[in-house]
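Okay, so here's the structure we're looking at.
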Amino acid sequence: MKSKVFLKLVSAFILVIAAATLTLDFAVRRAWESSLRGEIERSLMQKAQMFAERVQHEQKLPLQTLVNEAAEASGSQVMIIGRDGLVLADSAGDPAHSGSDSASPEVQQALQGKVATNSRSSEGVAFMVVAVPISNGAVRMAYPLNAIAQANASIRKTLIIASLLAMLIAMLVAAFAAQSITRRLQRIVAFSGQVAEGNLAARIDESSNDEIGQVARSLDRTARRLQESFQDLERSRRELETLLNSMQEPVIAVGANGNVIWANQRMEKMLPGGIHRNVALVENVRDPEFLGVFNEALQTRQVASARAHAVFPGKIFNVTAAPTPSGGVVAVLTDLTELERVERTRRDFIANVSHELRTPLTSIQGYAETLLEGQIEPTTREFLEIIRKNAFRMARLTEDLLVLARVESGEKEFKMQPTIPGDLLREAEQSYRELVKSEDVQIEVCNQAHKTVHVDRDAIHQVLTNLVDNALKYAREGKRLVLGTNDVPNGVEFYVEDFGPGISSEHLPRLFERFYRVDKARSRESGGTGLGLAIAKHIVLAHGGTIRADSELRKGSRFSFTLPTFDGHHV
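Last residue of the sequence shown: 571 (my numbering), numbering continuous.
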């Protein structure tokens with residue numbers, strides 16, 4: 001660094017000195033030379049005029065003596081020219097050989113009565129020439145200018161010597177300045193290196209107010225703010241880690257490369273071998289369902305959820321994985337083991353109770369019907385009819401509970417086969433053809449699907465009939481019911497639409513819950529069990545589809561479900 005700063009400073013000084021030297025040589029020397037020329041011209045003019053006065057008034061001395069004395073006194077070449085242009089006397093030698101000088105323009109002007117000056121060169125020497133008229137001719141003085149050239153050479157030599165001396169001084173000054181700047185810059189570089197290595201407590205003391213001092217103080221303020229920011233960040237990280245470690249649910253995070261970067265204490269304790277950080281997730285957990293959720297969240301950058309059964313022996317977890325801004329994924333595991341056990345117990349209880357109730361209910365219904373066939377009193381017949389209706393309703397309820405329990409538990413086996421959606425619609429329409437006529441309701445079939453679905457025909461028929469049963473409760477007011485299908489991406493949509501009074505929006509999210517009734521009085525009058533839509537939902541979900549309800553008051557309701565298409569790979 002020192003050599004670089006030194007060279008830069010010396011180079012800058014040399015450029016400044018060179019520029020100043022050239023400026024002086026070009027401007028000052030020219031001005032001085034012009035001034036010197038003017039002074040020589042004025043002095044030569046005065047000498048020429050004084051010599052002309054002497055020539056006119058001197059009668060005793062010969063002309064040659066006069067020119068010799070004048071030449072010696074002025075240091076110039078002196079000449080006297082007659083009116084006819086002939087040289088009468090010349091300090092340089094024989095007047096007979098000075099013809100060209102007497103014919104010069106300045107001499108001709110002087111012979112005409114004018115004072116004239118001129119510059120000319122003779123044999124490589126420059127002269128300043130002045131011609132002054134006299135009564136019988138003119139005098140001419142020529143002063144050699146080689147003294148100016150010598151003076152210029154002397155000045156240029158002086159400038160060069162001064163420049164070299166200035167450069168020597170500049171090198172000394174540059175060395176001193178470079179040493180000072182280098183020490184200050186080295187402190188800044190050392191300080192920056194400490195900050196870059198993570199030592200945010202490093203500080204630099206700089207009292208100077210120049211640019212380097214301002215840079216040092218700015219870096220010092222930056223380090224202080226970084227330290228404060230990192231302290232806040234570290235404090236937030238510890239608080240978050242404490243919060244996550246206090247959670248009962250296991251939490252684990254992976255980076256964009258799939259390696260584990262963090263896990264809370266609950267997750268550490270759950271796995272027998274603990275969590276190995278900075279290694280692939282598959283090296284820590286081998287459950288395919290668990291890994292699939294992470295891969296889905298990593299690839300789609302959307303929240304993914306699934307159940308995992310092999311993360312810990314005997315435990316069932318719901319794994320919810322969400323993408324992080326850094327490109328990784330964080331997942332929370334919710335223990336569903338106890339909930340599953342309770343749910344399984346509930347389903348088993350419902351299935352067992354329903355199964356046990358079927359026999360006595362069938363007996364009650366049979367005995368009631370047998371008694372009704374005999375001769376009995378009207379009051380007794382009314383009571384027996386009530387017993388039969390309620391026994392029949394309870395039998396339907398137990399049957400629906402059994403079906404729902406089997407579907408939810410996965411015990412019900414579906415016989416999947418490729419099926420044309422139009423066939424399912426026609427079977428559902430045929431089942432209700434006579435009923436809708438008696439109810440004065442028009443049923444329409446609108447088959448727009450061209451794909452094939454892979455379903456259990458009997459199960460989907462039950463879904464359609466449950467939806468039609470539900471719609472018929474409201475279609476009487478709309479006098480019209482539509483069964484239809486549409487092709488949708490990766491599947492076929494089935495729908496049942498009525499044009500009755502519709503359903504309020506607050507009821508829509510709960511329509512597929514067990515025993516949920518929008519209008520309890522109407523449902524009881526129609527003999528419904530409150531399980532039809534719940535059964536339809538679980539059958540559709542078991543087929544890998546989705547189901548939903550849409551409604552608008554006074555315009556009707558639309559129940560629809562989507563089933564996946566047959567791609568030839570189902571078994």
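Quick reminder that beta carbons are idealized off the backbone N, C-alpha and C, glycines included.
DSSP places R426 inside the alpha helix (DSSP H), whose first and last residues are 421 to 431.
A straight-line Cα-Cα distance of about 26 Å links V279 and S236. Nearest to T222 by alpha-carbon distance, out of T546, E234, I188, V319, is I188.
Selection V107, E356, N68 evaluated against L86 yields V107 as nearest (Cα-Cα). Under the three-state reduction of DSSP output, D487 falls in the strand class. For H538, the uninterrupted alpha helix (DSSP H) run begins and ends at 532 to 542, by DSSP. Per the Cβ contact rule, the segment 530 to 537 is in contact with the segment 506 to 515 (3 or more Cβ pairs under 8 Å).
Following the DSSP letters along the chain, one finds M79 inside the beta strand (DSSP E) bounded by residues 77 to 82. In the structure shown, S236 adopts helical secondary structure according to DSSP, grouped into three states. In the structure shown, the three-state DSSP call for R286 is coil. Y516 sits in coil when the DSSP states are folded into three classes, being neither helix nor strand.
Around the beta carbon of H543, a 10 Å sphere encloses 16 or more other beta carbons of the protein chains shown; the residue is thus reported as buried. Within the segment 337 to 417, complete alpha helix (DSSP H) segments of at least 4 residues are found at 337 to 372, 378 to 409, given in chain order.
If you check the CB distance, L88 and L111 do not come in under 9 Å. With fewer than 16 other Cβ atoms inside 10 Å of its own Cβ, S180 counts as exposed. T465 and A428 have their C-alpha atoms roughly 6 Å apart. In the DSSP assignment, S504 falls outside any beta strand (DSSP E) and carries neither an H nor an E. M141 sits away from I17, with the two beta carbons spaced by 9 Å or more. When secondary structure is reduced to three states using DSSP, V303 falls in the coil class, being assigned neither helix nor strand.
Looking at the DSSP output, F317 bridges to A308, D335. A contact between stretches requires three or more CB pairs, one per stretch, nearer than 8 Å, and the segment 150 to 166 fails this requirement with the segment 73 to 84.
In the three-state DSSP reduction, S11 falls in the helix class (H, G or I). Annotation: the continuous alpha helix (DSSP H) that includes L111 extends over 105 to 111. Per DSSP, T117 is one residue of the beta strand (DSSP E) stretching across 116 to 122.
Among the bridge pairs identified by DSSP, P133 is matched with A138. Between the alpha carbons of E434 and I252 lies a gap of roughly 60 Å. For the options F127, K555, V129, V139, the alpha carbon positioned closest to that of G113 is the one of V139. Judged by DSSP in its simplified three-state form, V125 adopts strand. Within the model, the alpha-carbon separation for N68 versus M45 is close to 18 Å. Apart from sequence neighbours up to five positions away, the residues of its chain that approach C446 with a beta-carbon distance below 8 Å are V482, L483, G484, T485, ordered along the chain. Shown here, A202 sits in coil according to DSSP, grouped into three states, outside any helix or strand. By the Cβ-count criterion, V468 is buried, with 16 or more other Cβ atoms from all chains shown falling within 10 Å of its own Cβ.
Where R277 is concerned, there is no enclosing beta strand (DSSP E), because DSSP gives it neither an H nor an E. Judged by pairs of C-beta atoms under 8 Å, the segment 495 to 509 touches the segment 550 to 561, as three or more such pairs exist.
Between the alpha carbons of S35 and S119 lies a distance of about 15 Å. For L88, the enclosing beta strand (DSSP E) begins and ends at 87 to 90.
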